[in-house]
Amino acid sequence: VPVFPWHSLVPFLAPTQSD
Amino acid sequence: PAPSNPSHFMKGAIIQLATGELKRVEDLQTQDFVRSAEVSGGLKIDSSMVVDIRTSQQRPGLVALHFTVGEQQSKVTIDVPPEHPFFVFGQGWSSCSPERTGQLYGLACHHLQVGDVCVSITLQQPPQQQKQPLQQQQQQQ
């Protein structure tokens with residue numbers, strides 16, 4: 012049964028350089 | 002469902018928390034994300050507030066979600082399918098189209114709205130990178 016890591020469920024929202 | 006659907010959102014998917022504990026995706030709580038980020042060290046949980054939801058101009062069929070992220074309230078926009086679920090603090094899984102999310106993933110969702118605060122992650126800033134006056138740093142060494 013595949014097991015997924017918790018952080019694959021939440022978006023990675025880092026400000027882009029342009030901010 | 003189209004093969005490209007991320008299967009980790011499928012109801013019943015087994016999720017491993019940083020503590021090693023296993024939980025089903027539909028049973029996750031806000032605390033699970035917060036504790037996992039603390040334990041994993043390299044990642045930090047940010048609160049991302051939804052400030053605008055629009056149909057994406059560049060990629061038709063997708064939704065452009067505008068967020069203000071973390072303490073600096075930096076602006077970030079992402080294009081996602083309307084059924085893509087987000088975990089909202091204290092509310093749980095939410096999406097722009099709960100009906101489609103239910104059909105495609107079997108995951109029960111609230112309706113994601115402007116003002117909802119979602120769980121997001123970013124890299125933990127190593128301490129010395131924070132803007133501290135130089136003398137204060139020397140005293141610490």
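Going down the list, the protein sequences come from chains Z and R. To convert a position in the first sequence, counted from 1, into the numbering used here, add 11. To convert a position in the second sequence, counted from 1, into the numbering used here, add 1. Every residue, glycine too, gets a C-beta built ideally from N, C-alpha and C. These numbers come from a predicted model, not from an experiment.
Note to self: Just verifying my parser: in three-state terms, what is the DSSP assignment at Z:Phe23?
What the structure shows: strand
Notebook entry, point to check: Which term fits R:His112, buried or exposed, when burial requires 16 or more other beta carbons within 10 angstroms of its beta carbon?
Noted result: exposed
Check: Hey, quick one: how far does the beta strand (DSSP E) through R:Phe34 stretch, first residue to last?
Finding: Run containing R:Phe34: none in the beta strand (DSSP E); it sits in the alpha helix (DSSP H), 31 to 41.
Check: Where DSSP assigns a beta bridge to R:Ser75, which residues make up the other side?
Finding: R:Val70
Notebook entry, point to check: Within 10 angstroms of its Cβ, does R:Ala109 collect 16 or more other Cβ (buried), or is it exposed?
Noted result: exposed
Notebook entry, point to check: Near R:Gln17, what residues of its chain come up, given a Cβ to Cβ distance below 7 Å and the 5 sequence neighbours on each side ignored?
Noted result: Leu23
Checklist line | Contacts that R:Asp33 makes with chain Z (C-beta to C-beta distance below 9 Å) | finding: Trp17
Next item on the list: Pull up the distance between the alpha-carbon of R:Ile122 and that of R:Ser57, whole angstroms please.
Entry: 23 Å
Next item on the list: Would you please verify whether the beta carbon of R:Ser49 is less than 7 Å from any beta carbon of chain Z?
Entry: yes
Next item on the list: Report yes or no: is there a C-beta of chain Z within less than 7 Å of the C-beta of R:Leu52?
Entry: The question names Leu, but residue 52 of chain R in the sequence shown is Val. No, because no Cβ of chain Z sits closer than 7 Å to the Cβ of R:Val52.
Next item on the list: Report the three-state DSSP secondary structure of R:Ser121 (helix, strand or coil).
Entry: strand
Margin query: Along the region 109 to 128 of chain R, where does the CB come closer than 9 Å to a CB of chain Z? Name the residues.
Written below: Cys119, Val120, Ser121, Ile122, Thr123, Leu124
Notebook entry, point to check: Alpha carbon to alpha carbon, how far is R:Ser8 from Z:Val14?
Noted result: 10 Å
Check: When the cut-off is 7 Å and only beta carbons count, does R:His9 lie next to chain Z?
Finding: yes
Notebook entry, point to check: Any contact of the region 99 to 106 of chain R with the region 29 to 38 of chain R, i.e. 3+ C-beta pairs under 8 Å?
Noted result: no
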